[in-house]
Amino acid sequence: MHTVSLQMRWGDLDQYRHVNNVRYVQYLEDARVRLMHQPISDFAPDHPRGGDTLWDLIGPGKLAFIARQEIEYREATGYSTEPLEVRIGVSSLGASSFDYACEILSEGRLKVVAEVSVVLVDEGTGRPVRLPEALRDALAALSCPPVSLRRRRGAS
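The opening residue of the sequence shown carries number 809 in the working numbering; numbering runs sequentially from there.
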């Protein structure tokens, strides 16, 4: 998994003096956006398009939409001046979508696990489109196992 460091803000805490659950969704978004805009060579040094970003490989006229997010909170997070560590990888690649597996750690302790499904759509029609081959190759370089969610969809 690739690691993105994020600085917690005092305002991220709620009245219970721990990070509010909504902030974790923002941390996941911040990590995804940073990953999408950094050179591919940062996580795949030998990739032929290493100077490009994932965002570049999506190409014009296409958008990456979040289709689903599943988050499990493992432990409350108090304020720390140490950056949060967001580990992010690609746990599944489909024809027009992929899943990010994510973990958020604070001071080395696992706080959150999440799975985020992204679908690539045509900007004009809003319909799913196939992932470009160059994007698939770059996403494959981030391949990792799925996170261990306690409750999976369809489970009783």
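Beta carbons: idealized from backbone N, C-alpha and C, even for Gly.
Check	Outcome
Assigned secondary structure, SER964 (DSSP; H/G/I helix, E/B strand, else coil)	The predicted model places SER964 with a pLDDT of 39, which falls under 50 and marks its position as unreliable, so this point remains unresolved.
VAL841 in three-state terms, based on DSSP	helix
Inter-residue CB distance, VAL929 and VAL937 (contact presumed, cutoff 8 angstroms)	6 angstroms
Own chain partners of LEU943 with C-beta closer than 7 angstroms, once the 5 adjacent residues on each side are dropped	LEU862, LEU865 and ILE866
Closest Cα partner of VAL841 within the set HIS855, ILE874 and MET816	ILE874
GLU941 in three-state terms, based on DSSP	helix
The stretch 891-900 touching the stretch 948-959, judged by at least three CB pairs closer than 8 angstroms	yes
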